[in-house]
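Number of protein chains: 2
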Amino acid sequence: MPKALIFDVFGTVVDWRGSITREVRAIAECKRVHLNAGKFANEWRSGYQPAMDRVRKGDLPWLNLDALHRLILDELTKKYHLHQLSEDEIDRLNRAWHRLKPWPDSVRGLKIIKKNYTISPLSNGNFSLLNNMAKHSDLPWDCIISAELFGHYKPDPETYLGAAKLLDLNPDQVMLCAAHKDDLLAAQACGLKTAFIKRPREFPPSMKIDLSTDTRFDYNADSIIDLGNQLNVD
Amino acid sequence: MPKALIFDVFGTVVDWRGSITREVRAIAECKRVHLNAGKFANEWRSGYQPAMDRVRKGDLPWLNLDALHRLILDELTKKYHLHQLSEDEIDRLNRAWHRLKPWPDSVRGLKIIKKNYTISPLSNGNFSLLNNMAKHSDLPWDCIISAELFGHYKPDPETYLGAAKLLDLNPDQVMLCAAHKDDLLAAQACGLKTAFIKRPREFPPSMKIDLSTDTRFDYNADSIIDLGNQLNVD
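Listed in order, the protein sequences are those of chains A and B. Residue numbering for the first sequence follows my numbering, starting at 1 and increasing by one per position. Residue numbering for the second sequence follows my numbering, starting at 1001 and increasing by one per position.
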């Protein structure tokens, strides 16, 4: 059995798409700019992998996620003609990622699991983003573990192994819980246990996502509450 | 006003002397070794500054606090003729520092302060020690900030400034709360706000400690609850 459960955050614990769409729509309406806020949110999110790759290749220095989000946002505000924003308004919009709303089961599920296990995020979100999000949405983490602490983004092995080392646990005493199979497989390759949390609403219905139960993982769960129930009956 | 309060832990939040004395006494009685457990506890604690200095001078590589505690403990078990311990028993005794009991006001005081501020330890205790202690004693930290994250011990400036940077705050938006004036003065030199928490029972009555109210600090408090009350009426 694992001693600590570490969670992917964007998509697994919080609904980035719904939250970002709402904040983009609100500011666009306020500025009387017509745009497709859902598309804006998806493009903001999909700019994130290429931006990390630019850091990995050395085109950019190490940047935390706030800085990566801002790079992408500056492109999108041009593309979507959202020009009338002050620096304060842009910064506030960029920090919409600090205010993402948890899925309905997340807070209750984490509280159940926290009774018996150490729970922490393991996210590419920077430390202050994860801390602010937890304060904003009552996520009951025991501690905050961010990729920023290791100077590496997931799925680099330094992040999974770094989390285990900080917790003074062997990799197989730590379980990554995530809605994304590539993240889980990278953690598994480092020796961590894995739990797949199905999040059918993370992406728009038009995107085909592999939500199938997968016996490569130690657990497959429909929600964090479901994972908590499975752990307690084991 | 600060946005985050970071706390020294040993002596400020938890009573290391009482807890360590009890654990040393229990294992000595179990092994039928006669020793002065209070003296053992004090010597264990006072070995800690010289051990950190050996790391600072380069006599030893970077070691986290568990490893420093173990170095000192290995000397003390010889000195006090506590020979009959297995490796598991020594390791368990070394981790007595993970199980230190909070002062009676600590948990309630932290819960009060947490309503309006981010609260975190800033301790030379390693990350897993601080996490285990929080789980053991219900310390309601928002996140765990350990000197281990910076590869520097307090009072090196890297620790105070590193904490502010992780929280994405300016130094003057962060307040160190501590029972030790040297720790507070080092934080103040880095631009942090400071709160002195008086802990008259941290050391044996025979040791003279400066507990006087000190106008150099932003707050002087008799307990963490008292600090919470002062912050809320400001």
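C-beta atoms are modelled at their ideal positions from N, C-alpha and C, and glycine is treated no differently. The structure presented is a predicted model; accordingly, all values stated were derived computationally and were not measured.
A/Phe127 has its alpha-carbon roughly 7 Å from the corresponding atom of B/Leu1167. Taking the Cα of A/Trp97 as reference, the smallest distance to any Cα among A/Asn36, A/Leu130, A/Asp74, A/Ser212 is reached at A/Leu130. Cβ atoms of A/Leu110 and A/Leu139 come within 8 Å of each other, at about 6 Å.
Across the stretch 1114-1145 of chain B, CB contacts with chain A closer than 7 Å involve Thr1118, Phe1127, Ser1128, Asn1131, Ala1134, Lys1135, Asp1142, Cys1143, Ile1144, in sequence order along the chain.
Chain A places no beta carbon closer than 8 Å to that of B/Leu1076, leaving this residue out of the contacts. Rounded to the nearest whole angstrom, the CA to CA distance from A/Val14 to A/His180 is 13 Å.
Taking a 10 Å sphere around the C-beta of A/Trp16, we find 16 or more other C-beta atoms and assign the residue as buried. Contact of B/Leu1005 with chain A is not assigned, every C-beta pair being separated by 8 Å or more. With 16 or more neighbouring CB atoms inside 10 Å of its own CB, A/Arg45 falls in the buried class.
Taking the Cα of A/Leu169 as reference, the smallest distance to any Cα among A/Lys154, A/Arg92, A/Leu192 is reached at A/Leu192. The beta carbons of B/Asp1218 and B/Met1175 sit about 7 Å from each other, so the pair counts as a contact at 8 Å.
Interface annotation for the stretch 1160-1171 of chain B against chain A: Leu1166, Leu1167, Asp1168, criterion Cβ-Cβ distance under 7 Å. Interface residue (Cβ-Cβ distance to chain A less than 8 Å): B/Leu1073 is not classified as such. The alpha-carbon of B/Thr1159 is positioned some 7 Å away from that of B/Tyr1153. Scanning chain A for C-beta atoms nearer than 8 Å to the C-beta of B/Leu1060 yields nothing, as the closest lies near 19 Å away. Sixteen is the threshold: since fewer than 16 other Cβ atoms of the shown chains lie within 10 Å of the Cβ of A/Trp62, the residue is exposed. By the Cβ test, the stretch 220-234 of chain A is not in contact with the stretch 1102-1109 of chain B, since fewer than three Cβ pairs between them sit closer than 8 Å. Judged by their CB atoms, B/Leu1073 and B/Leu1093 are nearer to each other than the 8 Å cut-off.
Looking at the DSSP output, A/Phe196 sits in a beta bridge with A/Ala178, A/Asn220. B/Leu1149 belongs to the set of residues whose beta carbon lies under 8 Å from a beta carbon in chain A.
Spatial neighbours of B/Ile1020 in its own chain (CB-CB distance under 7 Å, excluding positions within 5 residues in sequence) are listed in chain order as Ala1041, Trp1044, Ala1096.
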